[in-house]
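Taken in sequence, the protein lines are chains A and B. Under our numbering, the first residue of the first sequence carries the number 78, and numbering increases by one thereafter. Under our numbering, the first residue of the second sequence carries the number 14, and numbering increases by one thereafter. Presented below is the structure to which this report refers.
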Amino acid sequence: EPEVTQTPSHQVTQMGQEVILRCVPISNHLYFYWYRQILGQKVEFLVSFYNNEISEKSEIFDDQFSVERPDGSNFTLKIRSTKLEDSAMYFCASSDRPTGDGYGYTFGSGTRLTVV
Amino acid sequence: GENVEQHPSTLSVQEGDSAVIKCTYSDSASNYFPWYKQELGKGPQLIIDIRSNVGEKKDQRIAVTLNKTAKHFSLHITETQPEDSAVYFCAAPKGGGSQGNLIFGKGTKLSVKP
């Protein structure tokens, strides 16, 4: 069964450093998402991406965050200057159709980001 | 915007019993309601979903019911097994046919005791 692949599985970084979280979505999918989950809390939407541009973003996704699809396969989330409160599990997801039309998507297994 | 409420936050059942988790949503335009299972250290995995044109959907021991009038939907697991132990999340999209994101409930930690 096709999978969304995320690397690394765990990243530890110093506060103020830049991090890049990487994702390889399912190959024929067109819609890409980043979510995060602070330990023990619900999964929260960060950003959606379609046709090489951001389609929606949440209030969490401020100027410190950016996304990119640098080639035909990777989808990255960059945090420019990490803060302690950025520590969370970050999940990438992809789908072949928009959720608003009644379709879901597939999540990766996540990257645990720890900011120290 | 959409708001999703999920109950209970924790649920403990004996193996073989049934488990029911309920969610309510606020946006009447929402048309798709997935349920995700998250095991420890893993990403959410879609286990069943329902679209707004049906009232019930079943897949072996798992079923989902939808009441559009009351704006609530429920997950039913019958003949529970220890491997059903996990956190379950309901979700709903921002309505209106957008490319919209999913809004998740706060999750239900299900424990199935052997």
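Quick reminder that beta carbons are idealized off the backbone N, C-alpha and C, glycines included. Keep in mind the model is a prediction, meaning the values are calculated, not measured.
Would a check of beta-carbon distances place residue i closer than 8 Å to chain B?
i, result
"S143 (chain A)", "no"
Please list the terminal residues of the continuous beta strand (DSSP E) segment that includes residue i.
i, result
"R99 (chain A)", "V96 to V101"
"K160 (chain A)", "Element bounds for K160 (chain A): n/a, residue is neither H nor E."
"K126 (chain B)", "T121 to K126"
"R113 (chain A)", "Y108 to Q114"
"K71 (chain B)", "E69 to D72"
Can you tell me the Cα-Cα spacing of residue i and residue j, whole angstroms?
i, j, result
"L115 (chain B)", "F142 (chain A)", "19 Å"
"T82 (chain B)", "V96 (chain A)", "45 Å"
"Q94 (chain B)", "A32 (chain B)", "11 Å"
"T82 (chain A)", "P102 (chain A)", "7 Å"
"L190 (chain A)", "S150 (chain A)", "22 Å"
"I115 (chain A)", "E28 (chain B)", "30 Å"
"V193 (chain A)", "V89 (chain A)", "7 Å"
"F46 (chain B)", "E136 (chain A)", "23 Å"
"D173 (chain A)", "F184 (chain A)", "13 Å"
"V124 (chain A)", "S132 (chain A)", "8 Å"
Using CA coordinates, which residue listed in the options is at the minimum distance from residue i?
i, options, result
"N129 (chain A)", "A:F152, A:F138, A:L116 and A:I115", "A:F152"
"L161 (chain A)", "A:N105, A:Q91 and A:S150", "A:Q91"
"E52 (chain B)", "B:F117, B:A104 and B:E96", "B:E96"
"I60 (chain B)", "A:Y182, A:R113 and A:S86", "A:Y182"
"H106 (chain A)", "A:P175, A:G187, A:T188 and A:S186", "A:P175"
"E145 (chain A)", "A:F126, A:D139 and A:E121", "A:F126"
"P21 (chain B)", "B:H89, B:S43, B:A42 and B:V67", "B:H89"
For chain A, check one thing: does any of its Cβ atoms lie closer than 8 Å to the Cβ of residue i?
i, result
"L115 (chain B)", "yes"
"S111 (chain B)", "Low per-residue confidence applies at S111 (chain B): pLDDT is 47, beneath 50, and the placement is therefore not dependable enough to give any value."
"G120 (chain B)", "yes"
> In chain order, what residues of the segment 108 to 122 of chain A put their CB closer than 7 Å to some CB of chain B?
Replying inline: Y108, Y110, K119, V120 and F122: these are the residues of the segment 108 to 122 of chain A whose beta carbon lies less than 7 Å from some beta carbon of chain B, given in chain order.
> Going along the chain, which residues of the segment 52 to 86 of chain B sit with their C-beta nearer than 9 Å to a C-beta in chain A?
Replying inline: G54, K55, G56, P57, Q58, L59, D62, R64, S65 and N66
>> Which residues of the segment 155 to 171 of chain A have a Cβ closer than 9 Å to any Cβ of chain B? Give them in chain order.
In response: M166, F168, C169 and A170
> What are the residues of the segment 36 to 48 of chain B that lie near chain A, defined by any Cβ-Cβ distance shorter than 7 Å?
Replying inline: N44, Y45 and P47
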